[in-house]
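Notes follow the structure.
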Amino acid sequence: MSQFSSTYALIRKDVHSELRTRYALNALLMFVVTAVATILFALRSDQPTSSVLSGLYWVVVFFTAMSGLSRTFVSEEERGTTMTLQLIASPSTVYFAKLLFNTALTFSMTIAVTILYMTVFSNSFVIKTFSIFAGTVILGSLGFAAASTIIAAIVAKANTRGTLYPVLSFPILIVLLMTVMGATTKALDGEEFATALPDFQILIGYFLAMTGGSYLLFEYVWKD
Amino acid sequence: MNSMTLTVDKVAKEFNRRSIFRDVSFSLSQGQSLAITGRNGSGKSTLIKVIAGLLSATRGTVAYTVDGNSLNVEDLRYHIGLVSPYLQLYDEFSGSENLELLSKIRSDLGSDSKRIQEVLEAVGLWERRSDYVRTYSSGMKQRLKYAFAVLHRPSLLLLDEPTSNLDQNGITMVAQVVAEQNRSGILIVATNDADEAAWCSSSIELGLP
Amino acid sequence: MTFVKYGSILLITFVLFAGIAIPLSPSPQNWLQFPVIPGLEEKARNILYHVPIAWTTVVAFLVSTFYGFRYLKTRNIDYDIKSVSSAGLGFMFCFLATVTGALWAKFNWGSFWNWDPRETSIFVLLLIYGAYFALRSALETEEKRATLSAVYSMIAGITVPFFIFVMPRIMSGLHPGAKGDAEGSGPVVQMKMSPNMLVLFLLGLLGFTLLYVWLLNLRVRIARIEYERSIHHD
C-alpha cells in the first residue's frame with residue numbers, strides 16, 4: 008500500500024516538474040516536428056508505400072525517444088537529487104514511477120506523430136485497421152518505455168550520456184522495432200485483426216520480459 | 003518515540019581499489035552522539051553514506067534496531083534524516099512543496115501541513131515557503147535541508163558539514179536541532195570543526211595512519 | 013589446460029584438412045566421400061567452420077553474462093575479469109562468423125547480406141558487443157564499470173530468446189529452419205548431414221569450443237596480471 012502511494016507521489020512529482028520546466032516535453036515535440044519535416048522534404052511528392060511509411064513512423068518515434076527519455080534519470084543525477092530519492096524511496100518505487108512516466112511520455116509522443124502523419128500524408132497514411140494500430144501503439148509504447156527506462160538508468164551513471172543512450176538502446180530495441188513496423192504496415196494495408204495476433208504476442212512477451220528483468224536488476228544500477 | 007540502536011562493525015570501504023577507510027567499529031544508542039573527524043579525503047562523507055544505507059560497505063556490517071527489533075534497509079527511510087552537501091532538493095518547487103512531495107514519496111503520514119509549518123518556522127523559512135528553491139540563497143537551501151532532515155522526527159540524524167553556508171543565526175538554529183536530537187535519538191556529525199565536534203559525546207577520527 | 017590446448021589445435025587442424033580434402037560424390041560408397049547436396053555442392057564444406065564459430069559466439073556471450081551475474085551476486089572483481097575476457101573473445105568470434113557467413117551468402121544466395129533473420133541476429137549481437145565495450149569505456153570507477161556492464165549484458169540477454177525463437181518464425185529467411193523452409197521452422201537446424209560429415213561437424217564444434225576455452229584461460233590470466241600490476245603502480 009505504501010509502495011503504491013509512494014510510486015504515485017513520485018509520478019506526480021515528475022509530471023509537475025515536467026509541466027513546470029518543460030525539459031523533455033518541448034524538446035520532444037520540436038524533435039518530432041523537425042524529423043517529420045525532414046522526411047517530407049526527402050519524399051516531396053512521392054507516394055511512399057505503407058511499409059516505408061510505417062518504417063519512417065517508428066524511426067521518428069525511436070529517435071525522439073532517444074532524445075528525451077533519458078531525462079528521467081539524467082535530470083535527477085545532474086541536479087544531485089538522486090541521493091535524496093535513494094534516501095526516501097525504495098528502488099522498486101523509483102523504477103515503477105519512472106517506467107510509468109516514460110510510458111506516458113512515449114504514448115503521447117506516438118499520438119503526436121500519428122496526428123502529424125495523418126495531416127501531412129493524408130493520402131497515404133490511412134489507418135485502415137484501427138484495432139491493429141491502437142494495439143501496436145499501446146503495446147509498442149509499453150515495450151519502448153520498458154527498455155529505454157533501464158537503459159536510461161544505466162546511462163545516467165556514465166559520463167558520455169547523450170551519445171551512449173542510442174548506442175545502448177538500439178540493439179535492445181531492434182526486436183521491438185521490427186515487430187511494430189510489421190504490425191503498423193498491416194494496419195495501413197487494412198489486414199484482418201487476427202493477422203497481427205503473433206505480433207501482439209511478441210510485444211506482450213517483450214514488455215513482460217523487459218519489465219521483469221529490469222525490476223530485478225534495477226537495484227544494482229540505482230544504488231551506488 | 004522509537005528507541006534506536008546503531009552498530010557499525012569492522013566496516014571498510016574500497017573505491018577503485020583504493021581503501022577509503024577500514025576497521026571502523028562503534029555502536030550508539032538512544033541519546034548518544036558521535037563526531038566523525040579526519041582530514042579532507044579521509045572518508046567522512048563516505049562513512050556517512052554507508053551508515054545511511056546509500057552505499058554498501060566493501061566489508062563489515064551496519065546493523066540497526068528499533069525497539070529491540072532489527073530493522074531492514076527497506077524501512078530505514080522512516081527512521082533516518084540526513085543533511086549533506088551531496089543531497090539536493092528540487093529547484094523547480096517551492097520550499098513547502100518540496101517538503102510536501104518528499105514526505106509523500108516517503109509515504110510518511112505523520113508529516114501533515116501542521117508539521118511542515120512547524121519545521122519551516124523552526125529553520126526560519128516560513129516567510130519564504132512559497133518561493134521556488136531556485137531563488138533561495140545557499141544558506142537558505144541549507145536551512146531547507148534541515149527542515150527536510152527532521153520533518154519525520156528521525157531516530158537517527160546524520161549531519162555532514164553541518165554549518166556550511168550558514169550565518170551565525172543559522173548556526174544557532176543547528177545547535178537547537180542538535181540539542182533536540184541529543185535528547186530524543188542518535189546523532190552523528192561529520193566535521194573538521196572542533197566546536198561542532200564538541201556537540202557530540204564521543205568521537206572517532208578517520209584517516210589515521 | 014594442456015589437454016584443451018593441444019586438443020583444440022589437433023581437432024581444428026584435422027577438421028580443416030579433412031573438410032577440404034574429402035571429395036564429394038553423388039552416391040557416396042564409403043567413409044571417405046561426402047554426398048553432393050543440391051544447391052550447395054562444394055560450398056557445403058563451410059558448414060564445418062561457419063556453424064561452429066557462430067556457436068562459439070553464443071557460448072562466449074552466455075559465459076560472459078553468467079560471470080556478470082556472478083559478479084553482481086558476489087562483488088568479486090575476478091568475475092568481471094572473466095566476463096569481459098569472454099566478451100572480447102565473443103566479439104572476435106562474432107566478427108569471424110559474420111565474415112564466413114557473408115562470404116558463404118555471396119556465393120550461395122548472390123549477395124553478402126540479405127537481412128535474413130539469422131543474419132539480423134548476428135548483426136544485433138555485434139551491436140550488443142559494441143555497445144557493451146562503449147559502455148565500459150564511459151564508466152570511470154571499476155565497481156561501476158563491472159556492475160553496469162553486467163546489468164547491460166543481462167538486459168541484452170533478455171532479448172536473445174526473441175531472436176532465436178521468435179524472429180525466424182515471423183520472417184521468411186534463407187537459412188535452414190526459417191519460415192518457408194520445407195523442413196519446418198524449428199529453432200534448431202535439422203541435421204540432414206551424412207554420418208561422416210556429422211562426425212566431422214561435431215568434431216569441429218568441439219574443436220572451436222576447446223579453442224575458446226583455451227583462449228579464455230589465456231586472456232583471463234593476462235588480465236589478472238595486468239590488474240595486479242596496475243594496483244602496484246598506484
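Protein chains in written order, with my numbering: chain S, 8 to 231; chain H, 3 to 211; chain D, 13 to 246.
Ideal placement from N, C-alpha and C gives every residue a C-beta, glycine not left out.
Cβ neighbour criterion (16 or more within 10 Å) applied to residue i
| i | result |
| --- | --- |
| P129/D | buried |
| P64/D | buried |
| F108/S | buried |
| W127/D | exposed |
| I24/D | buried |
| F48/S | exposed |
| V133/S | exposed |
| K116/H | exposed |
| Y213/S | buried |
| Q144/H | buried |
| M90/S | buried |
| R79/H | buried |
| K85/D | exposed |
| F11/S | exposed |
| I118/S | exposed |
| I237/D | exposed |
| Q93/S | buried |
CB of residue i within 8 Å of CB of residue j, strictly
| i | j | result |
| --- | --- | --- |
| E94/H | R27/S | yes |
| A14/H | T48/H | no |
| L184/S | W65/S | yes |
| T110/D | I134/D | yes |
| F26/D | L215/D | yes |
| V10/H | F28/H | yes |
| I89/D | A158/D | yes |
| G41/H | G209/H | For the sequence presented, residue 41/H should be read as Arg rather than Gly. Yes; because the gap between Cβ atoms is below 8 Å, this pair is in contact. |
| R131/H | M142/H | no |
| V163/D | Y227/S | yes |
CB contact check: residue i to chain D, cutoff 8 Å
| i | result |
| --- | --- |
| N42/H | no |
| R61/H | no |
| N18/H | yes |
| F200/S | no |
| T136/S | no |
| G220/S | yes |
| A216/S | yes |
| V228/S | yes |
| I179/S | yes |
Closer than 8 Å to chain H by CB, residue i
| i | result |
| --- | --- |
| L17/S | yes |
| I176/D | no |
| L94/S | yes |
| K105/S | no |
| D21/S | no |
| T167/S | no |
| L112/S | no |
| T88/S | yes |
Beta bridge counterpart(s) of residue i as assigned by DSSP
| i | result |
| --- | --- |
| L160/H | L84/H and I190/H |
| A153/S | A153/S pairs with nothing; no bridge assigned. |
| P47/D | S37/D |
| M6/H | V68/H |
| D110/H | In the DSSP output, where bridge partners are listed per residue, D110/H has none listed. |
| L36/H | I190/H and S204/H |
| K15/H | F23/H |
| F1/H | Since the first and last residues shown for chain H are 3 and 211, residue 1/H lies out of range. |
| S98/D | In DSSP, S98/D forms no bridge with anything. |
Within-8 Å CB hit, residue i to chain S
| i | result |
| --- | --- |
| K106/H | yes |
| L84/D | yes |
| A158/D | no |
| I170/D | yes |
| M104/D | no |
| A66/D | no |
| Q90/H | yes |
| M13/D | no |
| Y164/D | yes |
| I167/D | yes |
Per-residue contacts from residue i into chain C (C-beta, under 8 Å)
| i | result |
| --- | --- |
| G75/S | Among the protein chains of the structure shown, namely S, H and D, there is no chain C. |
Contact belief for residue i with residue j at Cβ below 8 Å, rounded distance in angstroms
| i | j | result |
| --- | --- | --- |
| L111/H | L153/H | Not a contact, Cβ separation roughly 12 Å. |
| G102/D | F73/D | 5 Å |
| I82/H | I206/H | That pair is no contact at about 19 Å. |
| S131/S | L60/S | 6 Å |
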